[in-house]
Ligand SMILES: Cc1ncc(COP(=O)(O)O)c(C=O)c1O
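In the numbering used here, the protein residues as written are 32 to 417.
So, in structure tokens, the structure goes:
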């Protein structure tokens, strides 16, 4: 007899613990939920209108595997302005989301048994995607140190042994908000160059930083021809377009043909009318991105400030992203704690263990919500902990 089940690697994939907790609150209308990573506001109207117009105009056909030429041109202009170095269309592919960009990158470079290094705690998709391809994933932990998250670069470099195939690095990080300091980029890139290690930078939160500068430190300005560098990105976060499912990759021109082939066999292309929305987001969306950054900075101060007033709470300062990642003294099982919060406080948070064992004991609060909603949630938590 043969069991009708998936490959062992697929069966071993972790089920999302965020979903597990969210399912525990299913059907309860009174819950204030902060578990998913998205704004509580819809996509700016001018972006929606552009897509609606494209639909009205009958733009319902397949597009090029790598994306519409006008979107790739707009993206090249946007990235060139943002990073101050030319990022030509010959390095770009449009994907059907940021997660799809990660999958295409992994399919392009990870073979069965390849060693892949990931910095954690991290959004589960980052380590699970190489695992689908039978990659062998090792994690290097971030540490919470004097109110901030810190990466020990020497420890990361030690983990990047010469036989390592790829480093997947998410900065600003979901869930911690840790952001790679500018000065740490060169040693990591140099090491990857020396050993031919692919550096896959998950840059979806690069615009959502709380300091000066239009972007978090990026590897793109340090790029040299021949570098094994891929940046994966998304329209989801900076333009509040999570439901649109649209992202992109920047990669060596030598890899683009393979990315196009992989796109063909994954999704073939992104929807035409969705790309029409993205073109206007890139051309006319800077004021909206700035407004979102200001909102998130205020929300970060509101939520982190209140959390730090609560008994037994440790809440390191995030440098970017849209999350507070904090721990409560005595919480050792974050799934159980998060379920308890639903039952007893009507509050929905993501359990830290969803982001790997490094996150056990922690909780994630997505603060991309209106101030009144954050305030009501904070009140519930304070009452529960009090
Ligand atoms: C770190 C990280 N990378 C990638 C993504 C993918 O975003 P999307 O698939 O919506 O483009 C997310 C979404 O939460 C994320 O947190």
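Every residue gets a Cβ at the ideal spot worked out from N, C-alpha and C, and that includes glycine. All values derive from a computational prediction rather than experimental measurement.
{"Asked": "Reduced DSSP secondary structure (H/G/I, E/B, other) of residue 362", "Found": "coil"}
{"Asked": "Counterpart residues of residue 279 in DSSP-defined beta bridges", "Found": "125, 264"}
{"Asked": "Any non-hydrogen atom of ligand 1 within 7 Å of residue 267 CB", "Found": "yes"}
{"Asked": "Closer than 7 Å: residue 14 CB and nearest ligand 1 heavy atom", "Found": "Since the first and last residues shown for the chain are 32 and 417, residue 14 lies out of range."}
{"Asked": "Cutoff 6 Å; reference residue 175; Cβ partners in own chain excluding five residues on either side", "Found": "347"}
{"Asked": "Residues bridged to residue 232 (per DSSP)", "Found": "200, 262"}
{"Asked": "Ligand 1 heavy atom lying under 7 Å from the CB of residue 316", "Found": "no"}
{"Asked": "Same chain only: Cβ atoms within 7 Å of residue 139, ignoring 5 sequence neighbours per side", "Found": "286, 289, 290, 293"}
{"Asked": "Range of the contiguous alpha helix (DSSP H) that encloses residue 223", "Found": "216 to 226"}
{"Asked": "Segment contact, 8 Å Cβ cut-off, at least three pairs: the segment 383 to 398 with the segment 107 to 122", "Found": "no"}
{"Asked": "Residues of its chain near residue 423, where Cβ-Cβ distance is below 7 Å and the 5 sequence neighbours each way are ignored", "Found": "A query on residue 423 cannot be resolved here, the shown segment of the chain reaching from 32 to 417 and no further."}
{"Asked": "N-terminal and C-terminal residue of the beta strand (DSSP E) that residue 172 is part of", "Found": "167 to 172"}
{"Asked": "Buried/exposed call for residue 203, threshold 16 Cβ in 10 Å", "Found": "buried"}
{"Asked": "Cβ-Cβ distance between residue 402 and residue 271 below 8 Å", "Found": "no"}
{"Asked": "Strand pairing of residue 176, partner residues [DSSP]", "Found": "179"}
{"Asked": "Assigned secondary structure, residue 149 (DSSP; H/G/I helix, E/B strand, else coil)", "Found": "strand"}
{"Asked": "Cutoff 6 Å; reference residue 99; Cβ partners in own chain excluding five residues on either side", "Found": "306"}
{"Asked": "Cβ shell of residue 117 (< 7 Å), same chain only, five flanking positions each side left out", "Found": "111"}
{"Asked": "Residue 224 to residue 232 span [Cα, whole Å]", "Found": "14 Å"}
{"Asked": "Limits of the beta strand (DSSP E) - the one that residue 394 falls within", "Found": "393 to 397"}
{"Asked": "Residue 235 CB to nearest heavy atom of ligand 1 below 7 Å", "Found": "yes"}
{"Asked": "For residue 158, the three-state DSSP class (helix, strand or coil)", "Found": "helix"}
{"Asked": "Within 8 Å, strictly: CB atoms of residue 373 and residue 56", "Found": "yes"}
{"Asked": "One or two residues paired with residue 382 in a DSSP bridge", "Found": "394"}
{"Asked": "Coil, strand or helix - residue 415 by DSSP", "Found": "helix"}
{"Asked": "Which residues DSSP lists as bridging residue 355, in chain order", "Found": "396"}
{"Asked": "For residue 212, the nearest candidate out of 40, 246, 171, 362 (CA to CA)", "Found": "246"}
{"Asked": "Reduced DSSP secondary structure (H/G/I, E/B, other) of residue 298", "Found": "coil"}
{"Asked": "Inter-residue spacing [alpha-carbon to alpha-carbon] between residue 352 and residue 257", "Found": "30 Å"}
{"Asked": "Neighbour-count burial assignment, residue 243, 16 or more Cβ in a 10 Å radius", "Found": "exposed"}
{"Asked": "Residue(s) in a DSSP beta bridge with residue 418", "Found": "The chain is shown only over 32 to 417; residue 418 falls outside these bounds and no answer can be derived."}
{"Asked": "Contact test: residue 210 Cβ vs ligand 1 heavy atom, cutoff 7 Å", "Found": "no"}
{"Asked": "Spatially closest choice to residue 142 from 194, 376, 320, by CA coordinates", "Found": "194"}
{"Asked": "For residue 192, three-class secondary structure by DSSP", "Found": "coil"}
{"Asked": "Three-state secondary structure (DSSP) of residue 287", "Found": "helix"}
{"Asked": "Boundaries (first-last residue) of the alpha helix (DSSP H) holding residue 426", "Found": "Residue 426 is absent from the structure shown; the chain starts at 32 and stops at 417."}
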